[in-house]
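**Q**
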Amino acid sequence: MSDSKSTKKLAIHGVLFNWIGRVASFLISFVLTPVLVRGLGDESYGVWSLLMTLTTYYALADLGLRGAGVKYISQYAATKDWDNVNKVLVTCLGLFLLFAACLVPVVSLIAWRMPFHLNAEHVGLAAIRLVIVLTGATVVLGIPGQAFAAVLAATKRFDLSNALAVIAQLTQSVLLIFVVWRGGGIVEMAQVTLLVSVLAQVSRIVLAKVALPQAHFSIQWLDGEMAGRLIRFGILNVVQGVGRLVSKSAGTVLVGFILGPVQVTYFSIAESLTKKSSELSRSICSVLMPVASQFDAQERHDDLKRMLLIGTSVLAALGAGLAIVFIVLGDTLISLWIGARYVGTTFPILCVLSISLVITTASNGLRSILRGTNRMRLLAGLGICEAVMTLALGVGLLNGYGLDGMPYAILITQFVVSGVVLPYATCKAIDLPIGKYLARGVFPGLSAAVPMLLFLTGATAYVPPTNLVHLVIHGGIALIILGCGVLFICFEEDTRSAILTSIPLPFLGANRR
Numbered sequence: 064m065s066d067s068k069s070t071k072k073l074a075i076h077g078v079l080f081n082w083i084g085r086v087a088s089f090l091i092s093f094v095l096t097p098v099l100v101r102g103l104g105d106e107s108y109g110v111w112s113l114l115m116t117l118t119t120y121y122a123l124a125d126l127g128l129r130g131a132g133v134k135y136i137s138q139y140a141a142t143k144d145w146d147n148v149n150k151v152l153v154t155c156l157g158l159f160l161l162f163a164a165c166l167v168p169v170v171s172l173i174a175w176r177m178p179f180h181l182n183a184e185h186v187g188l189a190a191i192r193l194v195i196v197l198t199g200a201t202v203v204l205g206i207p208g209q210a211f212a213a214v215l216a217a218t219k220r221f222d223l224s225n226a227l228a229v230i231a232q233l234t235q236s237v238l239l240i241f242v243v244w245r246g247g248g249i250v251e252m253a254q255v256t257l258l259v260s261v262l263a264q265v266s267r268i269v270l271a272k273v274a275l276p277q278a279h280f281s282i283q284w285l286d287g288e289m290a291g292r293l294i295r296f297g298i299l300n301v302v303q304g305v306g307r308l309v310s311k312s313a314g315t316v317l318v319g320f321i322l323g324p325v326q327v328t329y330f331s332i333a334e335s336l337t338k339k340s341s342e343l344s345r346s347i348c349s350v351l352m353p354v355a356s357q358f359d360a361q362e363r364h365d366d367l368k369r370m371l372l373i374g375t376s377v378l379a380a381l382g383a384g385l386a387i388v389f390i391v392l393g394d395t396l397i398s399l400w401i402g403a404r405y406v407g408t409t410f411p412i413l414c415v416l417s418i419s420l421v422i423t424t425a426s427n428g429l430r431s432i433l434r435g436t437n438r439m440r441l442l443a444g445l446g447i448c449e450a451v452m453t454l455a456l457g458v459g460l461l462n463g464y465g466l467d468g469m470p471y472a473i474l475i476t477q478f479v480v481s482g483v484v485l486p487y488a489t490c491k492a493i494d495l496p497i498g499k500y501l502a503r504g505v506f507p508g509l510s511a512a513v514p515m516l517l518f519l520t521g522a523t524a525y526v527p528p529t530n531l532v533h534l535v536i537h538g539g540i541a542l543i544i545l546g547c548g549v550l551f552i553c554f555e556e557d558t559r560s561a562i563l564t565s566i567p568l569p570f571l572g573a574n575r576r
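Reading the sequence shown from the start, the letters are residues 64 to 576 in the working numbering.
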């Protein structure tokens with residue numbers, strides 16, 4: 064098999080396995096959320112959501128090294144430079160251990176001071192403090208495991224990484240439901256989260272060795288020069304990552320500190336739908352990054368541009384399709400899923416966040432391409448702009464318009480940064496005409512979602528869904544129509560054939576030829 068065909072097959076398999084993992088994650092979250100909301104109550108669930116959101120900021124302590132590890136492991140593996148692969152892996156692991164140790168006093172300080180700033184009447188300071196310690200320990204123990212997660216991503220073994228993620232999340236969800244059913248609270252939930260995370264990290268080490276047999280975890284591969292290279296890449300990666308984290312989680316944090324934990328519940332219901340759905344785009348983007356790094360190392364510039372256009376087209380269709388589902392079915396979904404009393408406040412937030420979802424999803428592939436081709440200064444600059452705009456607009460609009468202001472702050476930021484500046488800068492960086500990007504990337508993707516829109520609006524008008532089963536049927540048929548639109552509008556014949564032959568059909572005993 065040629066290198067080009069092998070890369071295409073690995074990329075397609077990676078996307079398929081990632082989608083399986085993301086869909087499973089969404090379904091698990093879909094079942095878990097109403098159980099926690101009803102079992103904990105609005106205030107306790109709001110505190111839990113806020114504290115779990117804050118843990119995402121601890122991830123900045125790795126200084127972007129996971130992305131650096133993926134980039135350089137895939138780059139050196141493409142040229143079979145196994146010595147440098149081992150240097151990257153072991154040096155990454157050493158740096159991760161150092162950063163994890165540095166995070167311990169930070170978690171301790173946050174656990175001591177932060178509970179005083181939360182306006183939670185029915186959740187004690189001691190409980191909040193203990194949850195912060197436990198979730199912080201989860202992150203600290205998980206940081207070294209990012210070196211092994213980088214191996215799985217760089218070697219495109221998304222089957223292994225997604226299988227582990229689904230098993231871990233399913234186990235955690237079952238245990239959380241059991242805890243709530245037995246009358247437990249957020250402290251017991253944090254203990255469960257820590258236990259499952261430790262078991263997952265141990266499993267990830269084993270899987271990394273399976274994915275990369277050439278890996279040798281010896282201190283002899285610890286390299287100062289490689290550490291400097293990884294940190295330089297990682298620091299720029301983490302700067303742009305700040306913008307990503309702020310855009311994804313600042314809403315919950317700002318709402319919690321400005322309006323209180325109860326309002327967090329209303330906002331997080333809408334945000335959880337769009338955030339979990341946006342992870343479907345990561346199933347594509349996590350594949351684009353190592354492949355872009357490989358193409359860049361092999362100087363296959365035309366293949367890189369072609370991958371960008373196809374990726375953008377698919378992502379635009381995905382974002383538009385998800386937004387259509389949430390806008391057309393969102394009020395019914397919230398009523399049947401969580402409860403009718405949440406619809407009036409949550410549904411308008413969901414509609415605005417859905418529009419933002421289209422913009423961010425369509426542009427997510429551009430970030431992966433830039434990261435894979437080492438345009439980190441550009442990404443860092445965009446990340447700073449994204450963070451500043453989201454925070455400034457969020458504080459201003461929350462104080463001026465209340466809870467309804469936060470989704471508009473996110474939408475305005477994403478329109479400017481992800482919808483205008485990022486596409487223009489990316490096209491200029493890889494010498495791709497912006498007109499070609501729009502004509503062969505964005506517009507085909509949006510067009511692929513039109514049949515789905517027509518079906519869903521017609522179906523809900525003539526047969527309104529009255530229960531979750533009807534809702535799932537409406538949404539499922541709509542997404543199948545979207546998939547057909549993507550297959551025949553976004554892909555050329557050779558890629559379409561490669562996708563169809565890559566889909567396993569166990570009931571036929573083999574893949575299609």
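Every residue, glycine too, gets a C-beta built ideally from N, C-alpha and C.
Return helix, strand or coil for H279, following the three-state DSSP convention.
**A** If you number the sequence shown from 1, residue 279 lands on position 216. Correct three-state label for H279: coil.
**Q** Output the distance between the C-alpha atoms of A212 and P527, rounded to the nearest integer angstrom.
**A** As a first step, residue 212 must be located in the sequence shown, where it is residue number 149. As a first step, residue 527 must be located in the sequence shown, where it is residue number 464. Cα to Cα, A212 sits roughly 44 angstroms from P527.
**Q** Enumerate in chain order the residues of its own chain whose CB-to-CB distance from A217 is below 6 angstroms, with the five nearest sequence positions on each side excluded.
**A** To locate residue 217, count along the sequence shown from 1; it is residue 154. These residues qualify, in order along the chain: V133, I136, S137 and P353.
**Q** Compute the beta-carbon to beta-carbon distance between A228 and F159, rounded to the nearest angstrom, for a pair I have assumed lies under 8 angstroms.
**A** Residue numbering aside, residue 228 sits at position 165 when the sequence shown is read from its first letter. Residue numbering aside, residue 159 sits at position 96 when the sequence shown is read from its first letter. Rounded, the Cβ-Cβ distance is 19 angstroms, inconsistent with contact.
**Q** Tell me, to the nearest whole angstrom, how far the beta carbon of M469 is from that of G457; I am working on the premise that it is less than 8 angstroms.
**A** What you label residue 469 is simply residue 406 of the sequence shown in a count that begins at 1. What you label residue 457 is simply residue 394 of the sequence shown in a count that begins at 1. 6 angstroms between Cβ atoms; contact.
**Q** Residues in the same chain with beta-carbon distance under 6 angstroms from A495, minus the five sequence neighbours each way, listed in chain order, please.
**A** Against the sequence shown, residue 495 aligns to sequence position 432. The sequence shown places Leu at residue 495, rather than the Ala named in the question. These residues qualify, in order along the chain: K368.
**Q** Any chance you could list the beta strand (DSSP E) runs of at least 3 consecutive residues sitting entirely within the segment 148–175, in chain order?
**A** Correct list: empty.
**Q** What is the DSSP secondary structure of R404, counted as helix, strand or coil?
**A** Working through the sequence shown from its first residue, we reach residue 404 at position 341. Three-state DSSP puts R404 in a helix.
**Q** Can you tell me the Cα-Cα spacing of F371 and I432, whole angstroms?
**A** One-based indexing of the sequence shown puts residue 371 at position 308. One-based indexing of the sequence shown puts residue 432 at position 369. Position check: residue 371 holds Leu in this sequence, whereas Phe was assumed. About 7 angstroms.
**Q** Evaluate the contact criterion for the segment 302–322 versus the segment 188–205: three or more CB pairs, one atom per stretch, below 8 angstroms.
**A** No: the two stretches stay apart, fewer than three of their Cβ pairs being nearer than 8 angstroms.
**Q** Taking just the CA atoms, how far does V259 sit from S224?
**A** Counting from 1 along the sequence shown, the entry for residue 224 is found at position 161. Counting from 1 along the sequence shown, the entry for residue 259 is found at position 196. Their Cα atoms are separated by approximately 15 angstroms.
**Q** Could you check what DSSP says for Q361 in three-state terms: helix, strand or coil?
**A** Numbered from its first residue, the sequence shown carries residue 361 at position 298. Q361: coil per DSSP, three-state reduction.
**Q** In this structure, does DSSP put K339 in helix, strand or coil?
**A** As a position in the sequence shown, residue 339 is number 276, starting the count at 1. DSSP places K339 in helix when its eight states are reduced to three.
**Q** Give the DSSP-derived three-state secondary structure of R101 in the structure shown.
**A** Here residue 101 is taken as the residue at index 38 of the sequence shown, counted from 1. Helix, per DSSP.
**Q** Please confirm whether T424 and S349 have their CB atoms less than 9 angstroms apart.
**A** For the purposes of this step, residue 424 is taken as residue 361 along the sequence shown, with counting starting at 1. For the purposes of this step, residue 349 is taken as residue 286 along the sequence shown, with counting starting at 1. It is not a contact, given that the beta carbons lie outside the stated cut-off.
**Q** Comparing C-alpha positions only, which one of T337, G459, I173 and A488 sits nearest to T118?
**A** For this step, residue 118 is matched to residue 55 along the sequence shown. That would be I173, whose Cα lies nearest to the Cα of T118.
**Q** My understanding is that L351 touches G374, with C-beta atoms under 8 angstroms, so please give their C-beta distance in whole angstroms.
**A** Against the sequence shown, residue 351 aligns to sequence position 288. Against the sequence shown, residue 374 aligns to sequence position 311. With a Cβ gap of about 5 angstroms, L351 and G374 count as contacting.
**Q** Would L285 and P207 be called neighbours here (beta carbons separated by less than 9 angstroms)?
**A** Within the sequence shown, numbered from 1, the residue matching residue 285 stands at position 222. Within the sequence shown, numbered from 1, the residue matching residue 207 stands at position 144. Their beta carbons are not under 9 angstroms apart, which means L285 does not touch P207 by this criterion.
**Q** Take R46 as the anchor and find which of L152, T142 and W175 has the nearest alpha-carbon.
**A** As displayed, the chain neither begins before 64 nor continues past 576, which places residue 46 out of reach and without an answer.
**Q** Please tell me whether, using a cut-off of 8 angstroms, the distance from the CB of I230 to the nearest non-hydrogen atom of the ligand NAD is below it.
**A** In the structure shown, the ligand NAD is absent, as is every other ligand, since no ligand is present at all.
**Q** Would you say I418 and L474 are within 9 angstroms of each other, going by their C-beta atoms?
**A** As a position in the sequence shown, residue 418 is number 355, starting the count at 1. As a position in the sequence shown, residue 474 is number 411, starting the count at 1. Their beta carbons are under 9 angstroms apart, which means I418 touches L474 by this criterion.
**Q** Express the C-alpha separation of V377 and P507 in angstroms, rounding to a whole number.
**A** What you label residue 507 is simply residue 444 of the sequence shown in a count that begins at 1. What you label residue 377 is simply residue 314 of the sequence shown in a count that begins at 1. About 8 angstroms.
**Q** Taking the alpha helix (DSSP H) that D144 falls in, what are its first and last residues?
**A** Here residue 144 is taken as the residue at index 81 of the sequence shown, counted from 1. Neither: D144 is in no alpha helix (DSSP H) and is coded neither H nor E.
**Q** In this structure, does DSSP put G187 in helix, strand or coil?
**A** For the purposes of this step, residue 187 is taken as residue 124 along the sequence shown, with counting starting at 1. In the structure shown, G187 sits in coil (DSSP, three-state: anything other than H, G, I, E or B).
**Q** Since L420 and L385 are thought to touch, with beta carbons under 8 angstroms apart, how far apart are those beta carbons, to the nearest angstrom?
**A** As a working mapping, residue 420 is identified with position 357 in the sequence shown. As a working mapping, residue 385 is identified with position 322 in the sequence shown. Rounded, the Cβ-Cβ distance is 6 angstroms, consistent with contact.
**Q** In its own chain, which residues sit with a C-beta less than 6 angstroms from the C-beta of D557, not counting the 5 before and 5 after it?
**A** Reading the sequence shown from its first residue, position 494 is the one you call residue 557. Within the same chain, D557 has no close Cβ partners at all.
**Q** Express the C-alpha separation of V255 and L238 in angstroms, rounding to a whole number.
**A** Mapped onto the sequence shown, residue 238 falls at position 175. Mapped onto the sequence shown, residue 255 falls at position 192. Looking at the two C-alpha atoms, the distance is approximately 7 angstroms.
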